Amino acid sequence: MGTTDFIMTFFAILISLLLDRFALEQETYRSGRWFDGYRNWLKEKLPDHPLAILLVPVAPLVAIGWFQSVFDSGLSALVYSSIVLLFCLGPLDLDRQVNRVIDELETDAEHESETLSAMLGSETVASAPDTGIRLAGKILTEAYNRLFGVIFWFILLGPLGAALYRIAHHLNSNAHESETVEETNDVIAQLCYLLDWLPARMTALLYAVSGSFEDALHGWQASADIADHRLEANKRILSGAGLGALRVGEEYEEQGSPLSTAVLAETALGLVWRASLVLIGLLALGYLVYWIG
Numbered sequence: 001m002g003t004t005d006f007i008m009t010f011f012a013i014l015i016s017l018l019l020d021r022f023a024l025e026q027e028t029y030r031s032g033r034w035f036d037g038y039r040n041w042l043k044e045k046l047p048d049h050p051l052a053i054l055l056v057p058v059a060p061l062v063a064i065g066w067f068q069s070v071f072d073s074g075l076s077a078l079v080y081s082s083i084v085l086l087f088c089l090g091p092l093d094l095d096r097q098v099n100r101v102i103d104e105l106e107t108d109a110e111h112e113s114e115t116l117s118a119m120l121g122s123e124t125v126a127s128a129p130d131t132g133i134r135l136a137g138k139i140l141t142e143a144y145n146r147l148f149g150v151i152f153w154f155i156l157l158g159p160l161g162a163a164l165y166r167i168a169h170h171l172n173s174n175a176h177e178s179e180t181v182e183e184t185n186d187v188i189a190q191l192c193y194l195l196d197w198l199p200a201r202m203t204a205l206l207y208a209v210s211g212s213f214e215d216a217l218h219g220w221q222a223s224a225d226i227a228d229h230r231l232e233a234n235k236r237i238l239s240g241a242g243l244g245a246l247r248v249g250e251e252y253e254e255q256g257s258p259l260s261t262a263v264l265a266e267t268a269l270g271l272v273w274r275a276s277l278v279l280i281g282l283l284a285l286g287y288l289v290y291w292i293g
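First residue of the sequence shown? That's 1 in UniProt numbering, and the numbers climb one at a time after it.
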């Protein structure tokens with residue numbers, strides 16, 4: 001990556017994060033419904049083979065790559081890169097979602113929160129002993145999926161990398177809603193595992209740097225050791241390292257009174273934003289080194 005490319009990448013990330021955080025409140029523009037329609041149409045044309053699913057992203061990725069080669073410098077490259085990255089983040093805004101959970105918990109902390117149940121994938125009573133830990137871990141893994149993973153591949157391959165990551169995870173997260181066979185879903189899951197392997201570990205390091213480093217490494221190792229399936233290892237590492245960085249969990253609760261679900265949610269979200277600032281700081285430092293050099 002040349003100096004100009006690095007500078008363009010840095011400012012595209014900064015612009016996209018600022019727009020996502022402060023300017024755009026609607027989340028429907030990146031719901032992915034257009035891609036679902038395209039996938040269903042193309043599925044009727046493809047042969048009935050598990051690997052055929054890999055052909056679905058080809059046309060969008062080729063188009064994005066072609067425009068990336070056209071808008072390869074100057075202001076047009078910055079605008080194009082920022083737009084693609086902005087569309088690939090999310091799709092839901094984690095900060096708003098977590099704040100809705102906190103508001104619902106503060107209204108009625110003893111009963112079910114609809115947003116909380118949606119995040120954890122099941123009906124959940126906020127006062128259950130493990131709910132806060134589960135929610136904090138979910139926030140940390142979702143932050144990776146919605147933010148850090150996309151940014152990693154954007155840094156590596158530009159808009160094409162961000163789109164590749166988002167499309168792969170969109171296919172994986174919606175696999176249960178489609179009529180694809182189990183072998184096809186396994187292919188998608190394997191692709192996501194490969195895309196996640198390195199950036200998940202780099203994000204775990206960001207969590208460690210942004211919190212208790214030693215406890216984060218301990219949580220990382222412990223989570224990796226108990227992973228019952230390698231496709232779940234990335235999530236367990238993110239959750240284990242993040243919870244360790246926050247010094248929350250069963251082993252820490254013995255040292256003091258357990259934190260409420262709302263407090264744990266706020267704490268986990270705070271770690272995410274600190275890790276985001278660390279990432280921006282590292283990119284800014286790299287930009288400064290390039291500029292001085």
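For every residue, glycine included, the Cβ atom is placed at its ideal position computed from N, Cα and C. Just so we're clear, the structure is a prediction, and the values are computed from it rather than from any experiment.
Using the C-alpha atoms, what's the distance from Cys192 back to Trp41?
C-alpha separation (whole angstroms): 23 Å.
Apart from the five residues on each side of it in sequence, which residues of its chain come closer than 7 Å, Cβ to Cβ, to Lys138?
Met119 and Leu120
How about Ser16: is its C-beta nearer than 8 Å to some C-beta of chain C?
As a matter of chain content, chain C is missing from the structure shown, which is built from one protein chain.
Backbone secondary structure at Phe67 - three-state DSSP
Reduced to three states, the DSSP call for Phe67 is helix.
Ser69 classed as buried or exposed, judged by whether at least 16 other C-beta atoms fall within 10 angstroms
exposed
Going by Cα to Cα distance, which pick from Thr107, Val248 and Tyr144 is closest to Met202?
When C-alpha distances from Met202 are compared across Thr107, Val248 and Tyr144, the shortest belongs to Tyr144.
Whether or not the region 260-269 and the region 281-292 are in contact is what I'm after, with contact meaning three or more pairs of Cβ atoms, one per stretch, closer than 8 Å; do they touch?
no
According to DSSP, simplified to helix, strand and coil, what is Leu92?
coil
Would you mind reading off the limits of the alpha helix (DSSP H) that contains Glu183?
Glu182 to Ser210
Kindly indicate which three-state DSSP category Ser260 falls into: helix, strand or coil?
Coil at Ser260, not helix or strand.
Since Glu114 and Glu106 are thought to touch, with beta carbons under 8 Å apart, how far apart are those beta carbons, to the nearest angstrom?
That pair is no contact at about 14 Å.
Exposed unless 16 or more other CB atoms sit within 10 angstroms - verdict on Leu63:
For the record, residue 63 in the displayed sequence is Ala; it is not Leu. Ala63 should be labelled exposed.
Quick check: what's the CA-CA separation for Leu205 versus Lys45?
43 Å
With a threshold of 7 Å (Cβ to nearest heavy atom), would Ala143 be considered close to the ligand NAD?
Looking for the ligand NAD in the displayed structure turns up nothing, as the structure carries no ligands at all.
When you compare each of Ala23, Trp153, Leu160 and Thr131 to Asp72 by their alpha carbons, which one comes out closest?
Leu160
Please state if the CB of Arg247 and the CB of Ser212 are separated by a distance shorter than 8 Å.
Taking a C-beta distance under 8 Å as the contact criterion, Ser212 and Arg247 qualify as a contact pair.
Gly37 lies in the alpha helix (DSSP H); which residues open and close that run?
Arg33 to Lys43
Would you kindly check if the distance between the Cβ of Leu86 and the Cβ of Asp20 is under 8 Å?
yes
In whole angstroms, give me the CA-to-CA distance for Glu214 and Trp220.
10 Å
Would you give the residue range spanned by the alpha helix (DSSP H) that Pro47 belongs to?
Where Pro47 is concerned, there is no enclosing alpha helix (DSSP H), given that its DSSP letter is neither H nor E.
Could you say which of Ile226, Gly149, Leu195 and Leu217 lies nearest to Leu279 if we only look at CA atoms?
Gly149
Beta-carbon contacts of Ala77 that lie in its chain and below 6 Å, excluding the five residues immediately before and after
Met8 and Phe71
I'd like to know whether the C-beta atoms of Leu135 and Thr261 end up nearer to each other than 8 Å.
yes
N- and C-terminal bounds of the alpha helix (DSSP H) containing Arg134:
For Arg134, the enclosing alpha helix (DSSP H) starts and ends at Thr131 to Ala143.
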